[in-house]
Structures are given as structure tokens and as C-alpha cells.
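Counted from 1, the sequence shown has number 864 at position 190 by our numbering; the numbering is strictly sequential.
In what follows, a single structure is set out as C-alpha cells and then discussed.
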Amino acid sequence: MSTLDKTTIENLAEHLENAELNAQAVTKITDDYPDMDWEDAYDIQWEIRRRKEARGTRVTGLKMGLTSWAKMKQMGVETPIYAFLADYFSIDEGAEINTSELIHPKVEAEIAVITNRVLKGPGCTIAQVMAAIEAVVPAIEVIDSRYENFRFDLKSVVADNASSSRFITGGRLRRIDQVDLKTLGVVMEKNGEVVELGSGASVLGHPAAAVSMLANMLAERGEEIPAGTFIMTGGVTAAVAIEAGDSISVRYEELGSITINVV
Ligand code: OOG
Ligand code: MG
């Protein structure tokens with residue numbers, strides 16, 4: 675059930691997208707619309723997606739967020755959410771993260787997958803997801819909430835496309851039978867020092883569970899995960915703030931490493 679009318683959804687989408695494109699923080703939208711509900715929040719996110727696609731931007735992937743306890747605890751929320759990834763979010767490994775384009779970026783170590791068949795809920799299972807994983811890929815996500823001080827509630831962050839901003843893939847690709855997604859270890863280093871570590875099981879007990887949850891959440895809107903979709907399953911550990919001059923390196927068991935330099 676939505677509570678906001680179409681014009682308000684469109685205005686809020688424009689407002690949040692402008693905050694992203696201009697790298698300018700705004701107050702969280704639930705301050706002005708305290709009664710907005712989940713459907714409103716996703717309506718705003720889908721309207722931002724529609725706006726970008728209408729301008730020729732391509733959606734090149736999907737993500738789940740707030741799937742690990744470390745992330746939930748850090749942000750003070752307990753429900754996973756989904757969002758979309760646009761073509762210009764992708765940065766090649768070796769390229770730099772430019773903080774002048776961002777508000778207050780943080781990095782997350784993520785396990786990503788690429789699927790090879792449609793995944794459709796309701797009732798999508800971990801087993802169906804595992805059978806549909808063509809490749810397991812390491813990723814670093816750069817999140818950048820458009821809200822002041824990176825403070826928000828769930829509805830505000832859903833509307834803000836789950837803070838999505840940039841992501842980097844690299845390392846080495848593996849087939850699903852070459853890794854154990856649960857025990858897959860992840861170590862994040864900032865300027866040569868270990869700052870966060872975890873394993874795949876930190877993500878909803880099994881990273882594939884994040885993908886089945888995504889299929890089941892999309893089904894509520896009559897949507898599915900198309901074959902060939904790149905999906906980030908959510909930060910394994912808490913997110914780490916970055917600033918110009920930092921170097922971030924994440925090592926993934928069996929998947930190599932990804933290093934990014936922040937300028
Ligand atoms: C929301 C996005 C969370 C993840 O991997 O958990 C996310 C946020 O924390 O700003 O991308
Ligand atoms: Mg993330």
C-alpha cells in the first residue's frame with residue numbers, strides 16, 4: 675500500500691537523484707514524510723531507476739544491502755534491502771576513487787555472483803540460486819548515503835537506492851563448485867593495516883540466501899532477476915570510511931584481491 679501520490683514520488687526521486695549527481699547531502703526524507711511506507715520507498719527508488727534509464731544510463735546489476743549482522747549493527751537496522759547498479763557506478767580496478775564526486779564515501783567488501791538463468795520468486799531457494807550461479811566474483815562497493823552524516827532509517831535508505839554509488843570488480847573469477855561460499859574468507863586492509871575481516875557466512879548465513887531473498891522481494895512487484903545478472907550480495911563486514919590518500923585492498927580466499935586508491 676502506498677501513501678504518497680505520484681507527483682510526490684516523482685519529486686522525491688528527482689530530489690534524491692540530484693543529491694547524488696551533485697554530491698550534496700540532504701535531510702532524510704522521512705523527516706518530511708514520516709508516514710511513508712515500504713512501497714513508497716521502493717516506488718521512489720524505481721522512479722530514480724526510470725529517470726536514469728530514460729537518459730540512456732543502463733542498469734548493469736543489482737545488489738542486496740544490510741545482509742550481514744556487522745552492517746545491520748553499524749547502521750542500526752535489521753532488514754535487508756535491494757537496489758540497482760547503473761553503468762557509470764562501475765570503476766575499473768586500478769582506476770581511482772575520486773572523492774570530489776562523492777559526499778562521504780565508505781567501502782564494503784562484497785561477494786558478487788553472475789547468474790545464468792532467470793530467478794523468480796516467490797519461493798526462490800538457495801539451491802535454485804546455487805544452480806544458477808555462473809561465476810563468483812569479488813567486489814568492493816563504495817557506498818555514499820545522500821543523507822547528512824550517513825544517518826537514515828530503512829525507508830529513507832531504500833528510496834536513496836541503498837546508498838549505491840560506485841563498485842569495483844577484479845581479482846579472479848571462480849565457478850560455484852570451486853569455492854565454498856560459506857567459508858570464503860575476506861580480509862580488508864586500509865593503508866596496509868587489517869581493518870575488517872569475515873567470511874561468506876556473515877551474509878545471511880550463506881551469500882546465495884541474499885540472492886534468493888532478492889528474487890523473492892522482486893516478486894512482490896512482479897519483477898524477476900534476469901539471466902546474466904551481476905549481483906552484489908551485501909557487505910561482509912562493517913563499511914569503512916575513506917578519504918583522499920587512502921589505499922584499500924581486499925583479499926578474498928580463492929578469488930584474488932582488489933586494490934583501490936582514493937584521491
Ligand atoms: C546502505 C547500503 C548497504 C550493504 O552492502 O550492506 C549496503 C548503507 O549502509 O548505506 O550496500
Ligand atoms: Mg553494499
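Beta carbons: idealized from backbone N, C-alpha and C, even for Gly.
query, result
"Among ALA744, LEU686, MET710 and THR682, nearest to GLY909 - alpha-carbon criterion", "ALA744"
"Local Cβ density within 10 Å of GLY730, reported as buried at 16 or more and exposed below that", "exposed"
"Residue range of the unbroken beta strand (DSSP E) whose run includes ALA783", "780-789"
"Per-residue DSSP class, three states only, for PRO900", "coil"
"Any 3 or more C-beta pairs closer than 8 Å across the stretch 746-761 and the stretch 842-852", "no"
"Same chain only: Cβ atoms within 7 Å of THR753, ignoring 5 sequence neighbours per side", "LEU740 and LEU828"
"Continuous beta strand (DSSP E) assignments of at least 3 residues falling wholly in the stretch 874-935", "904-909 and 921-926"
"C-beta contact flag for PRO796 and SER931 at 9 Å", "no"
"Proximity test, GLU815 beta-carbon vs the ligand MG heavy atom, cut-off 8 Å", "yes"
"Beta-carbon spacing of ASP818, GLU917 below 9 Å", "no"
"LYS745 beta carbon near the ligand OOG (any heavy atom closer than 8 Å)", "yes"
"Minimum Cβ-Cβ distance from ALA786 to chain C less than 9 Å", "Among the chains of the structure shown, chain C does not appear; only one protein chain is present."
"For LEU686 and PRO708, the rounded distance between their alpha carbons", "14 Å"
"Beta strand (DSSP E) segment containing ALA757, residue limits", "755-760"
"Touching by the beta-carbon criterion (3+ pairs, under 8 Å), the stretch 712-722 and the stretch 675-682", "yes"
"Member of SER742, GLN719, GLU782 and ILE718 whose CA lies at the smallest distance from the CA of VAL869", "GLU782"
"Cβ-heavy atom distance, GLU870 to the ligand MG, below 8 Å", "no"
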